[in-house]
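Structure record follows, encoded as structure tokens.
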Amino acid sequence: MIAGNLILDHGEQLALHSQGTRLSEALPGTGDAVYHRACEAGLEGVVPKRLDSGYRCGNTMNWRKVKCYIEKEMDIVGVRRESGKPAIALMADNGRYMGGKGEEKLRHASRKDFWERS
């Protein structure tokens, strides 16, 4: 797994103009292990790339941003929905209330039932 790459212009290596530019070496371990270490360190995530790929503008399968996230089960005690915006939920955990958006991982039938009850 490589976290950085030298940028080439017509096959010529470009000089690094800024001392703020950092190139990363290959990291030891599997992609899963590197991802979990990044999350444990409090980082936003990782950007892994295929070893045989160079940088290309736009979205490709060769470079992917993989964000760290926390998974937790909570009781939903309220939902606010506005047209064109993500739903905002009020959630409770042991009597403590938290607002925010959650990512629903429900199958179609369960999701439909959930929104009908909300």
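Sequential numbering of the sequence shown, starting at 106, is according to my numbering. Glycine residues also receive a C-beta, built at the ideal position from the N, C-alpha and C atoms.
Residue burial classification, TYR140 (beta-carbon count within 10 angstroms, cutoff 16): Within the sequence shown, numbered from 1, the residue matching residue 140 stands at position 35. Buried, because 16 or more other Cβ atoms sit within 10 Å of the Cβ of TYR140.
Relative to the C-alpha of ARG155, which residue among GLU145, ALA131, LYS172, ILE193 is closest? By 1-based counting over the sequence shown, the position of residue 155 is 50. Of GLU145, ALA131, LYS172, ILE193, the residue nearest in Cα terms is ALA131.
How big is the Cα-Cα spacing for ASP137 and ALA143? Mapped onto the sequence shown, residue 137 falls at position 32. Mapped onto the sequence shown, residue 143 falls at position 38. Near 10 Å, if we compare the C-alpha coordinates of ALA143 and ASP137.
Sorry if obvious, but does the Cβ on MET196 come closer than 6 Å to a heavy atom of the ligand ADP? The ligand ADP is not part of the structure shown, which contains no ligands of any sort.
Where does the unbroken beta strand (DSSP E) through ASP180 begin, and where does it stop? Translated into positions along the sequence shown, residue 180 becomes position 75. Start and end: 180-185.
Drop a sphere of 10 angstroms on the beta-carbon of VAL151, count the other beta-carbons inside from all chains shown, and report buried for 16 or more, exposed for fewer. Working through the sequence shown from its first residue, we reach residue 151 at position 46. Looking at its Cβ environment, which holds 16 or more other Cβ atoms inside 10 Å, VAL151 is buried.
ALA194, buried or exposed, once every other Cβ within 10 Å from all chains shown has been counted against 16: By one-based count along the sequence shown, residue 194 stands at place 89. Buried is the call here.
Rounding to the nearest angstrom, what Cα-Cα distance links GLY189 and PRO153 in this structure? Within the sequence shown, numbered from 1, the residue matching residue 189 stands at position 84. Within the sequence shown, numbered from 1, the residue matching residue 153 stands at position 48. Each residue's alpha carbon lies about 32 Å from the other.
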